[in-house]
Amino acid sequence: MLLDGRYAPSFPDALTEMDSKALLYALDPYFWEGWEDLTAVVGTAAYELAHTYSLVLLRPDSLAARKAEAVLDWLPDNGFVVVDCISLGVDRHQVRALWQYQWNNAIRERKEACDALMQSGPSLLLIIRSDTASVLPDSTAARFARLKGAADPALRRPGDLRLRLGHKSRMLSYLHSPDEPADFVRELAILLDSAQRRVLGKKITCVAPAVTSQQLAGMVASAYSQTAHNALDLAASLDRIQAVALSATEPTDRDRLSLLCLIDKARRGERVDWRDLFSLLDMRDAAYEPWDRITIAGHLIAMDLPGKQNVLAHPASRVARRDAG
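For the sequence shown, position 303 matches number 303 in UniProt numbering, and the numbering has no gaps at all.
As structure tokens, then:
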């Protein structure tokens, strides 16, 4: 099947460096809804706006680990200005839409772990632009994507935002951002409805930021109040889950041995399906901290189908392993 102009309008110029992305996004309803709303508000300035602005999604793991202030401190130090902030929830359908073109090779275990993470509490959507003194030929989206660093901890570089945040797992990587202007337009349409996008479009055309540092601090405090504090440390989570397992089972219970065996394998770094561990606990109606479940899943999951590639892998992200949940 040849995907051509019979199926969709021509993709707008200069929003992506990737021919494959232009081809796929030309058929993507989220992209077109975002683009239509943007052009309805600012007309032909939509091209400039898509290059000037981007988004940073502070995910629930960044809030649980209390990393929001570190991100907000890092942004101005690296030439970015926060112009708006929106508290929102992200459901499983939005999760799949965000990473639609990266999850073609994701295994089920990874998807379920990401669902548990993203639906565990609020996220904070930051709208950012490059400071005028720091403008480069790059779009804001591309510049931030480069500076945030790899989702894979083994690939972090000095100066990367994620290195500063100290993340320890490819899935528990704290934040998400688009790679290019085309992604920014599409992801706004996934995360916000049409009315919200049009209000945002009007806000960000103003010179002054739409949110003050005091308002940002208040939104962070509110998000923290809705998110249990957890360091996302695998060893500590396994210790707590072992205590739960011992409390929920009798010494002669076969499930106790199975639970302790799974926990011990996880401690040794052996392959464990986190769902097996928590299925046994759930059958016992054992009470545990949800963030311990997310932490263990985030450290233990297998991510991808062997030998399969992402439908869309940005050239700069093939090495960095895009933060695709």
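Every residue gets a Cβ at the ideal spot worked out from N, C-alpha and C, and that includes glycine.
Buried or exposed (CB count within 10 angstroms, at least 16 for buried), residue i
i, result
"proline 76", "exposed"
"leucine 27", "exposed"
"threonine 252", "exposed"
"aspartate 292", "buried"
"serine 213", "exposed"
"glycine 159", "exposed"
"serine 173", "buried"
"lysine 148", "buried"
"alanine 142", "buried"
"arginine 6", "exposed"
Closest by C-alpha distance to residue i, when choosing among the options
i, options, result
"glycine 218", "Asp239, Leu281, Asp115, Ser87", "Ser87"
"valine 90", "Asp84, Ala116, Ala297", "Ala116"
"isoleucine 210", "Asp84, Ala8, Pro251, Lys67", "The amino acid at residue 210 is misidentified as isoleucine; the sequence shows alanine. Residue Asp84 is the option with its Cα nearest to alanine 210."
"leucine 234", "Gly307, Gln196, Ser222, Gly269", "Gly269"
"leucine 165", "Glu69, Ala236, Ala8, Phe278", "Glu69"
"alanine 8", "Tyr25, Lys21, Ala154, Glu17", "Tyr25"
"alanine 223", "Ala302, Gly201, Ser62", "Ser62"
"histidine 93", "Ser130, Glu112, Asn105, Gln196", "Glu112"
"alanine 287", "Leu23, Ala243, Asp138, Gly149", "Ala243"
"tryptophan 32", "Ala65, Leu15, Gln214", "Leu15"
"glutamate 48", "Glu180, Leu259, Pro290, Phe278", "Glu180"
"lysine 202", "Ser20, Ala45, Pro12, Glu17", "Ala45"
"leucine 175", "Thr249, Leu57, Pro306", "Leu57"
"aspartate 255", "Arg271, Asp131, Arg284, Met118", "Arg284"
"alanine 65", "Asn230, Phe278, Leu305", "Asn230"
Beta-ladder partner(s) of residue i, from DSSP
i, result
"serine 130", "Phe80"
"alanine 221", "None; alanine 221 has no bridge partner."
"arginine 160", "With the sequence shown as reference, residue 160 is identified as aspartate, and arginine is not the correct amino acid for it. Per DSSP, none; premise fails for aspartate 160."
"serine 123", "Leu88"
"aspartate 304", "Ala106"
"leucine 175", "Leu58"
7 Å Cβ shell around residue i - same chain, five flanking residues per side excluded
i, result
"aspartate 273", "Glu109"
"glutamine 226", "Gly121, Pro122"
"isoleucine 190", "Tyr30, Gln94, Ala97, Leu98"
Beta-carbon contacts of residue i that lie in its chain and below 6 Å, excluding the five residues immediately before and after
i, result
"phenylalanine 144", "Ser54, Ser177"
"histidine 51", "Ser139, Pro181"
Same chain, Cβ closer than 8 Å to residue i, five either side skipped, listed in chain order
i, result
"valine 82", "Leu72, Leu75, Leu126, Ile127, Ile128, Pro209, Val211, Leu216"
"arginine 267", "Ala235, Leu238"
"serine 10", "Ala26"
What are the uninterrupted segments assigned as beta strand (DSSP E) that are 3 or more residues long and contained completely in the stretch 12-91, given in chain order? 53-58, 80-88, all fully within the stretch 12-91.
Enumerated in chain order, which unbroken segments of the alpha helix (DSSP H) with a length of 4 residues or greater are wholly contained in the stretch 253-296? Runs found: 254-267, 274-283.
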